[in-house]
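Here the structure is laid out as structure tokens; the discussion comes afterwards.
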Amino acid sequence: MKTTAIAHANIALVKYWGKRDAALNLPATGSISLTLKELFTKTTVEFSDDPAQDELTLNGERANPKDEQRAGKFLNLIRAQAGTGQFARITSENNFPTGAGLASSASGFAALALAAAHAAGLNLSPARLSELARRGSGSAARSIFGGFVEMKPGVLPDGSDAVAVQLHDETFWPLEMLILITSAAEKEIGSTTGMNRSAETSPYYPAWVASSVADLEAMRDAISRKDFQQLGEIAEFSCFKMHGLALSARPAILYWNSLTVELIHAVRGLRQKGIPAYVTIDAGPQIKVICLPEYSEQIRAALEQISGIRQIIKTSPGPGARLVED
Ligand code: PMV
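Using the numbering used here, read the sequence shown as starting at 10 and increasing by one per residue.
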């Protein structure tokens, strides 16, 4: 059967950075994210007898062998559950730049999990889909759901409780995020390498893990009370701790470029003028500005003055992964 699914990217407000089990891809901490309407991956999967291996076409071109193998390894999990030996043709399109810290693996593996499970005849609950998507990429577990989503680290060794849950759907609080693209280059250090190196070499890693519990609690509370200042402060705290952790690894990991730093200062400057805006940054140099809809045009106009920004994408809360017609 041929199946197509769409899944949206998500940006973490409380970050995941570090694994408690590498083979099962179990996170060491929980995380909380917002699923984004404007950024998505659309993926079609068809299992059949003719391909001699899994074939992945990404944004119109045959994917490189490394990405194709990663997708094939992921499909092995589905083949094992469905009891099939057939290979698949996968066609996947992102409507945003791939691999530059814009969470393409989150929407990518969430869409692949849903499309491939359905194409293989599996009827999985959202929790089991989230568990499956996690095996592809930790953040993908969250993209199964829309709106505000919490990833649970779980305690079971098999990882069946390391799944995401929805806190509030996409209509709950119409926040916005401005994504400022400062570079279109592929990141040099992927998130898995970056987080493993941080866990193995940074003296700050135990403190990062221990302090995440309070951040998750404060973020849940901020979201449920729609307290924008608390949400922004905790989001920046988690983001800067994650980047501080990466910087304290050996050798140090620095995801930012000079424009990233300039934009952090600019957002702080806006706050000093009374404009509520906070930044978050993932494993790349892009800045995401968290804002309220009534301020987003003013914030965009101010930040647009800074030279070097390649693109600004305005995003808002979006839905969970879903099947669509081809
Ligand atoms: O899911 P991965 O392996 O792409 O890691 C995601 C890491 C961050 O984006 C930096 C943080 C997060 O929680 O999304």
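All C-beta atoms in this analysis are idealised placements derived from N, C-alpha and C, irrespective of residue type, glycine included. Note that this is a predicted model, so its numbers are computed, not measured.
Problem set entry | Residue range of the alpha helix (DSSP H) that includes Gln238 | 237-256
For this session: Work out the CA separation of Leu65 and Glu271 for me, nearest whole Å.
Result: 38 Å
For this session: Whole angstroms is fine: what's the gap from Ala208's alpha carbon to Glu334's?
Result: 42 Å
Problem set entry | Closer than 5 Å: residues whose CB approaches a heavy atom of ligand 1 | Ala21, Lys24, Tyr25, Ser40, Ser114, Ser146, Gly147, Ser148, Ser200, Asp291, Ala292
Exercise. Asn205 by DSSP, collapsed to three states: which one?
Worked result: helix
For this session: If I'm right that Ile299 touches Ala244 with Cβ under 8 Å, what's the distance once you round it to whole angstroms?
Result: 6 Å
Exercise. Is the region 23-30 touching the region 203-217, taking contact as three or more C-beta pairs under 8 Å?
Worked result: yes
For this session: Look at the alpha carbon of Pro166 and the alpha carbon of Ser200, and state the distance between them as a whole number of angstroms.
Result: 22 Å
Exercise. Does DSSP put Ser211 in a helix, in a strand, or in coil?
Worked result: coil
Problem set entry | Runs of beta strand (DSSP E) wholly within the region 56-133 (minimum 3 residues, chain order) | 64-67, 96-103
Exercise. What is the DSSP secondary structure of Pro135, counted as helix, strand or coil?
Worked result: helix
For this session: Report the residue from Ile315, Leu33, Ile308 whose alpha carbon sits nearest the alpha carbon of Gly145.
Result: Leu33
Exercise. From Ser247 to Lys51, what distance separates their C-alpha atoms?
Worked result: 30 Å
Exercise. Taking 7 Å as the line, does the beta carbon of Glu195 fall inside it for any heavy atom of ligand 3?
Worked result: In the structure shown, ligand 3 is absent; the only ligands present are ligand 1.
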